[in-house]
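Taking it in order: structure first as C-alpha cells, then the write-up.
Protein chains: 2
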Amino acid sequence: MALSGRHCDAVYHSRPLFFRRAGLMTMLNPQLKQPLYLQLAEQLSDDIQTGVYPVGQKVPSVRRMSELRGVSVSTVSQAYARLEDLGWLSARPQSGYYVCSNRRPECRHEQLPLSSPEEQPTEVTKSALITNMLAQLNHPSLINFGAAIPDSSFLPLRQLQRHIQQVSRYQTRQALEYQFAPGYEGLRQQLAVRMSNAGIHCHSDDIIITNGCAEAITLCLRAATQPGDLIAVESPCYYGFLQLASTVGLKVIEIPTDPETGMSLEALQLALSQWPIKLIALTSRFSNPSGALMPTRRQEKLVELANRFDVGIVEDDIYGEISFAETSAAGRKQAQEDGSFSVAKAFDRDGRVMYCSSFSKTLSAGLRVGWCVPGRWYQQVIDEQTFTTFSSSSLSQRVVHSYLQNSHYDRHLRQLRRQVTDNLPQFVDAVERYFPEGTRINVPKGGYTIWVALPEQANAERLYYLARERSISLVPGSLFTNSDQFDHCVRLNIAHPWSDQTHQALKTLGALAQQLADGDP
Amino acid sequence: MALSGRHCDAVYHSRPLFFRRAGLMTMLNPQLKQPLYLQLAEQLSDDIQTGVYPVGQKVPSVRRMSELRGVSVSTVSQAYARLEDLGWLSARPQSGYYVCSNRRPECRHEQLPLSSPEEQPTEVTKSALITNMLAQLNHPSLINFGAAIPDSSFLPLRQLQRHIQQVSRYQTRQALEYQFAPGYEGLRQQLAVRMSNAGIHCHSDDIIITNGCAEAITLCLRAATQPGDLIAVESPCYYGFLQLASTVGLKVIEIPTDPETGMSLEALQLALSQWPIKLIALTSRFSNPSGALMPTRRQEKLVELANRFDVGIVEDDIYGEISFAETSAAGRKQAQEDGSFSVAKAFDRDGRVMYCSSFSKTLSAGLRVGWCVPGRWYQQVIDEQTFTTFSSSSLSQRVVHSYLQNSHYDRHLRQLRRQVTDNLPQFVDAVERYFPEGTRINVPKGGYTIWVALPEQANAERLYYLARERSISLVPGSLFTNSDQFDHCVRLNIAHPWSDQTHQALKTLGALAQQLADGDP
Chain P
13 MALSGRHCDA
23 VYHSRPLFFR
33 RAGLMTMLNP
43 QLKQPLYLQL
53 AEQLSDDIQT
63 GVYPVGQKVP
73 SVRRMSELRG
83 VSVSTVSQAY
93 ARLEDLGWLS
103 ARPQSGYYVC
113 SNRRPECRHE
123 QLPLSSPEEQ
133 PTEVTKSALI
143 TNMLAQLNHP
153 SLINFGAAIP
163 DSSFLPLRQL
173 QRHIQQVSRY
183 QTRQALEYQF
193 APGYEGLRQQ
203 LAVRMSNAGI
213 HCHSDDIIIT
223 NGCAEAITLC
233 LRAATQPGDL
243 IAVESPCYYG
253 FLQLASTVGL
263 KVIEIPTDPE
273 TGMSLEALQL
283 ALSQWPIKLI
293 ALTSRFSNPS
303 GALMPTRRQE
313 KLVELANRFD
323 VGIVEDDIYG
333 EISFAETSAA
343 GRKQAQEDGS
353 FSVAKAFDRD
363 GRVMYCSSFS
373 KTLSAGLRVG
383 WCVPGRWYQQ
393 VIDEQTFTTF
403 SSSSLSQRVV
413 HSYLQNSHYD
423 RHLRQLRRQV
433 TDNLPQFVDA
443 VERYFPEGTR
453 INVPKGGYTI
463 WVALPEQANA
473 ERLYYLARER
483 SISLVPGSLF
493 TNSDQFDHCV
503 RLNIAHPWSD
513 QTHQALKTLG
523 ALAQQLADGD
533 P
Chain B
13 MALSGRHCDA
23 VYHSRPLFFR
33 RAGLMTMLNP
43 QLKQPLYLQL
53 AEQLSDDIQT
63 GVYPVGQKVP
73 SVRRMSELRG
83 VSVSTVSQAY
93 ARLEDLGWLS
103 ARPQSGYYVC
113 SNRRPECRHE
123 QLPLSSPEEQ
133 PTEVTKSALI
143 TNMLAQLNHP
153 SLINFGAAIP
163 DSSFLPLRQL
173 QRHIQQVSRY
183 QTRQALEYQF
193 APGYEGLRQQ
203 LAVRMSNAGI
213 HCHSDDIIIT
223 NGCAEAITLC
233 LRAATQPGDL
243 IAVESPCYYG
253 FLQLASTVGL
263 KVIEIPTDPE
273 TGMSLEALQL
283 ALSQWPIKLI
293 ALTSRFSNPS
303 GALMPTRRQE
313 KLVELANRFD
323 VGIVEDDIYG
333 EISFAETSAA
343 GRKQAQEDGS
353 FSVAKAFDRD
363 GRVMYCSSFS
373 KTLSAGLRVG
383 WCVPGRWYQQ
393 VIDEQTFTTF
403 SSSSLSQRVV
413 HSYLQNSHYD
423 RHLRQLRRQV
433 TDNLPQFVDA
443 VERYFPEGTR
453 INVPKGGYTI
463 WVALPEQANA
473 ERLYYLARER
483 SISLVPGSLF
493 TNSDQFDHCV
503 RLNIAHPWSD
513 QTHQALKTLG
523 ALAQQLADGD
533 P
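Residue numbers (our numbering), protein chains in the order written: chain P, 13 to 533; chain B, 13 to 533.
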C-alpha cells in the first residue's frame, strides 16, 4: 500500500500536463454550465489522479456508482463512456470498467541519441556470448525482466486449452499426420486476412507457416544470401539477427538507428552506396530492444531504397500487434502516421520484402507457430523447409486456426495491449525514481520492452550478474550489437503484472546500477 | 472374396517349404502319438494354410473353439500358444488371436545385386526433381504406395488424443510456453532409457529434441561439415540426404551398397582412402529405400573405419523400431546377429556418431518430435537450433512424454510390427505374380517399404506418372541416387491395411510396368 501511495504521488505530479492536452481542462472551469455526466466524469478523473481509484483496479459498477453519487444510471454510463474516450477507463467484457493509464510517460531525462556503431562490416564475434547469456536467461528467476515475452497470466491459456481439446477431439487424424510446407491452408487463409490490418495484401499461397518467427527469419536469410554476404542491421538490433548471421556465415554492418524512428535511412543509403550489402534485416514496428517505430513514410522510403540498390529486406514484425496507441481514438489517428499500423512489406511491389512474424509473443511460444511471406524467394524457402523441418506441428497449426476462427484473438490483443500500456508508466516512473542520475530511457510506442541507458561508467553485464544473484533477470545491451556502444544499456521486459515485488525489484536494480555508476565494485 | 481365394492358393503353394523349416513336419506324421493340443494345433495350421482362416483375420475365441472341436479350454489354449510360438497366430490384448504370416517371403526372382554408383564425388543435381516429385507425392491419392509412413489406421490415434487432452488439462502453461533447446527433460530421460534397447548408453543430457528426424539430420550435417565438404552416402540412399546435401552445399559420393547388408565397407574404405570425405550419412537399420540391414559386426567395423579415417557418421535410425524379426523367439535370436537390435552408435567410443531418430514413423508425423545424440558436436547443434527453431513444440513434446509414460508404446510397436509383417508376403506375392518377368525385389527385414527393380527398359518415372493417373502413388528410384542406376526401380510402401483395393492397385501397377517393359509408350 505504501507503494500505491507513492506511485499515486508521482502520477499526480506528472498528470497536469497530460490533462490539459487531453482537453479536459475546459471541464474544470466552474464558470461553465456542464451536463451532469461531464461533471461526474471530471470528479472521477480527479479521483483517478489522486489515487482513489488506482491504475489497474476496477471502478464501481454503473449501478453502484449511481447509488454512491446519487445520479441516474444513464448519467454514470455517459460519464464512464466519456472517461473511456479520454483513456482513463477501459471496459472489459463481462467484467466492468477498469482504471487505466493512456498517458505516454514523459521522461525527466534526455532522450537517447542516434546510435553510432562501427562504420565497417564485421564478422559477428559475440555469438558465444549470446548463447551463454541466453542459456542463463532461460533459467527461472523470481523477477523476469529478461526474455521479451509476456507473463503467462497475460495469455489466454484457458481458451487455448479449450481449442486444444476441440482439435484433438474433432480433427484427431489431421492434427497427428504430416502437414507439409507451406502449412495448413485454413491457417494461411486467416493470416492473409489478418495481415491486411498492416497494409499487406497477399494470398494464402504467398504464406509459409514456420516453427516460430525464428525459423521464418532463418529460412529467409538462407534463401536470399550466400555465406560471406553482407547484411545491414539496426543498431541496436535483435540479437537473433547477429547470432543467425554468424550461423549462416554472413557479415553484418550496423546502421545508426534512432531509438524513436528506427534505422537512419540517410546512414543506410550511404552504407548501400559504399558496401556490397545484400539484404537489410530489421524490425520496423517496435524494434527489439529499442522499441523504435519507423514512421509510415520512412517505411515507404526504406522500400524505395531497397529497390534502388536492388537488395532484399527481412522484416521481423513479431511485436507488430502490440501497439500502445490503440487505447484512444486520438492516439489511433496519430499512430497511423507513426507507423503503428503499417509495415515496410505494405510498400513492396516486387517481392523483395520478406515479412516474418509469429504467435509466440501474443498467444503461445510453446506452440511454435510463425509464418513468413518471402516474396520472390518463396520457392527457395519452401525447398529449404521441406527437408529441414517439413513444417510446424500439425496439432499446433490447427489449434491456432481453431482459436482464430472464434474471433477471440482481437479481444485478447486489446486486453494484452491494455495490460502492457498500463504497466509502461509504472516502469518508467520506477526507473526514473530509482536509477542513477544520468540514466536515459527510451519510452516505446509498442512492444514489451524498455531500453535503458545507464550512466556510461555502469557496466550492464556486471549489473546482469549482480541482479541474477538477487533472482532478477535482464538483458545487457552488449548482446544487441557487435561493438561496445551499448555496454551501459539494459533491456527490461515490462510485460508482467505490476506488483510490490516488481516495484522492489526495480528499486534493487536501481541501487545496483547506482553502485556501478559510483565505481563501486 | 475372389481375392481371398486366389491369395490362399498362393499361400498354400508357397507354404510347404516354410512348414518343414518351422519344425511342424513331425506333427504331420500320423504314426506319432501326439498330445491332443498338438493335434489341434496341426489341424488349425492346416486350416490356416488352406485359407479357412485367412491371414489378418481373428480365429474363434478359446471358449468357442473348445465348443467347436469338442476339446477342453485348456487344450485350445495350449494349441493357440503353440501356434503363436510357431508364428501362425498372434495375440492382441483385449481382442483375441489373429492369423498371421511370419514367413520371410521367398522370391522366385534373383536378388538385387550390389549397386554400382558413379565412382566420383558429385554435386547433387536432382534436388529440383526431388522437390517437385515430393510436392506431387503429398497430394492425396487413392492408394498411397508413395510416402514411407504407416496408414493412420496403424497408429494409436485414440490414445494420443487422450494424452493431448490430459496434457492440455494438467500441464496447460508448460505446454504453451517456450521449451528451449535441448528440449523437455522428462522426454529426454525416457529417450535415454529407450535407446538402450539398441545398445546406446547415453545420458538425457546428451540428447537434443528436434522437429522430427529431418531437423535432427540437418542440424548434425550443418554442425559437422562446411559448405563444399564431401560426404559419403549409401546407394540408393534416402533422398533427404541428397536434398540436404544440396541445401547445405555439400558434395556427395555414393558408396556401392548391398540391398541385404547395406553399405559396402570395402568400397567405403577405398573411397575414404581416395577422397577427402568428411562424414558418412547412412541408415544402418532398414535403410530407405532398399530395406538393407547392416549386420552387427559390420556396424562395429563401420565405426572402426570412421575412427581410422577420423570422419563423422550421421546415423538415421528412423525405422529402427520396425523390425520384422521380433514375431518369434527363433527369429529374435537371428536378428541379434543381423543387426536388427543394434546400431553403429552403440559402438561409438569417442562421440563421432551422430544418432538421429523420431516418432514420426511410429506414432505421429504431425507432432514433429524427433531427437539426436550428436556426440562431440553437441554444442554446435544446440547453438544452431537455439536460433533457428528453439526446439520442437512444447505441447508435442509433452504429449509424447505423457504417452510414453504409460508403456503404451511398446505394445503399440508390437502390434504395428505385426501389421506390417502380415502385409509383407502379400505385397511380395502380388509383385511376383503381376509384375513383368525379370522384376527383382528386395525383401527387407524391417521398415515400411519394398524396393523393386523392374526390367531395365521400364522407366520408373514414367510408371510414376501413369500410376498417378490411376490415383496410385509410388516413389521412382531416380530420387534415391544422383546417377541413373535406379531409373528402373520403385519404392513401394507396404504399411497400409491389405485389401481388395491394394491388391487391385498392385495388379494395375504390374500391368503398367509390363507395358513399359514391352516398350509400349
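Ideal Cβ placement from N, Cα and C applies to all residues, glycine included.
Computed from a prediction, not measured in an experiment: that's the story for all the values here.
Cβ contact annotation for Tyr49 (chain B) (same chain, cutoff 6 angstroms, sequence separation greater than five): Thr87, Gln90 and Ala91, in chain order.
Note: Pro488 (chain B) is bridge-paired with B:Val502 in the DSSP secondary-structure output.
C-alpha of Ala517 (chain B) to C-alpha of Leu436 (chain B): approximately 15 angstroms in a straight line. Per DSSP, reduced to three states, the secondary structure at Thr451 (chain P) is coil, with no helix or strand assignment.
Only Ala159, Ile161, Ser164, Leu167, Leu169, Arg170, Leu172 and Gln173 from the segment 152-173 of chain B bring a Cβ to less than 8 angstroms from some Cβ of chain P. Within the segment 258-287 of chain B, Thr259 place their CB atoms closer than 7 angstroms to a CB of chain P, listed in sequence order. From the listed residues P:Val432, P:Gln526 and P:Leu98, the smallest Cα separation to Gln469 (chain P) is found for P:Gln526.
Closer than 8 angstroms to the CB of Tyr190 (chain B) there is at least one CB belonging to chain P. Taking each of B:Leu314, B:Arg170 and B:Thr401 in turn and checking the Cα distance to Arg361 (chain B), the smallest one comes out for B:Leu314. Under the three-state reduction of DSSP, Leu141 (chain P) is assigned to helix. Taking a 10 Å sphere around the C-beta of Glu481 (chain B), we find fewer than 16 other C-beta atoms and assign the residue as exposed. Of all residues in the segment 370-382 of chain B, only Ser376, Ala377, Gly378, Leu379 and Arg380 place a beta-carbon less than 7 angstroms from a beta-carbon of chain P.
Against Gln255 (chain P), the close residues of chain B are Phe399, in the order they occur along the chain (beta-carbon pairs closer than 7 angstroms). Residue environment for Asn209 (chain B): exposed (fewer than 16 other C-beta atoms within 10 angstroms of its C-beta).
By the criterion of at least three beta-carbon pairs nearer than 8 angstroms, the segment 176-186 of chain P is in contact with the segment 396-416 of chain P. Between the beta-carbon of Gly158 (chain B) and that of Ser485 (chain B) there is about 3 angstroms, and that keeps the pair under the 8 angstroms contact cut. Asn223 (chain B) has a beta carbon lying within less than 8 angstroms of a beta carbon in chain P. Counting the other CB atoms within 10 Å of its CB gives Lys70 (chain B) a total below 16, which places it among the exposed residues. Annotated as distal: Leu262 (chain P) and Thr230 (chain P), with beta-carbon spacing of 8 angstroms or more. The criterion of a C-beta distance shorter than 8 angstroms is not satisfied by Val365 (chain P) and Asp329 (chain P).
With respect to the 8 angstroms criterion, Ile142 (chain B) and Leu254 (chain B) are classified as neighbours on the basis of their beta carbons. Where Cys232 (chain P) is concerned, the enclosing alpha helix (DSSP H) starts and stops at Gly224 to Ala236. In this structure, Leu282 (chain P) and Ile325 (chain P) do not form a Cβ contact; the two beta carbons are roughly 17 angstroms apart against a cut-off of 8 angstroms.
Taking all protein chains shown into account, Gln173 (chain B) has 16 or more neighbouring C-beta atoms within 10 Å of its C-beta and is therefore buried.
Following the DSSP letters along the chain, one finds Val85 (chain P) inside the alpha helix (DSSP H) bounded by residues Val85 to Leu98. Inside the segment 379-439 of chain P, DSSP marks whole alpha helix (DSSP H) runs of 4 or more residues at positions 390-398 and 406-417, from first to last along the chain. Judged by their CB atoms, Arg452 (chain P) and Leu124 (chain P) are nearer to each other than the 8 angstroms cut-off.
A direct Cα-Cα distance of roughly 58 angstroms separates Thr62 (chain B) from Phe192 (chain B).
According to DSSP, Ile176 (chain P) shares a beta bridge with no other residue. Residue-level contact by beta carbon fails for Ile334 (chain B) and chain P, as no gap is shorter than 8 angstroms. The straight-line gap separating the alpha-carbon atoms of Glu444 (chain P) and Asp218 (chain P) is approximately 46 angstroms. Contact of Glu227 (chain P) with chain B by beta-carbon distance below 9 angstroms involves Asn223, Thr400, Thr401 and Phe402.
Ile220 (chain B) and Gly489 (chain P) have their C-alpha atoms roughly 29 angstroms apart. For Ile219 (chain B), no beta strand (DSSP E) segment is defined, and its DSSP state is neither H nor E. Straight-line spacing of the CA atoms in Asp434 (chain P) and Val381 (chain P) works out to 28 angstroms. Under the three-state reduction of DSSP output, Arg185 (chain B) falls in the helix class.
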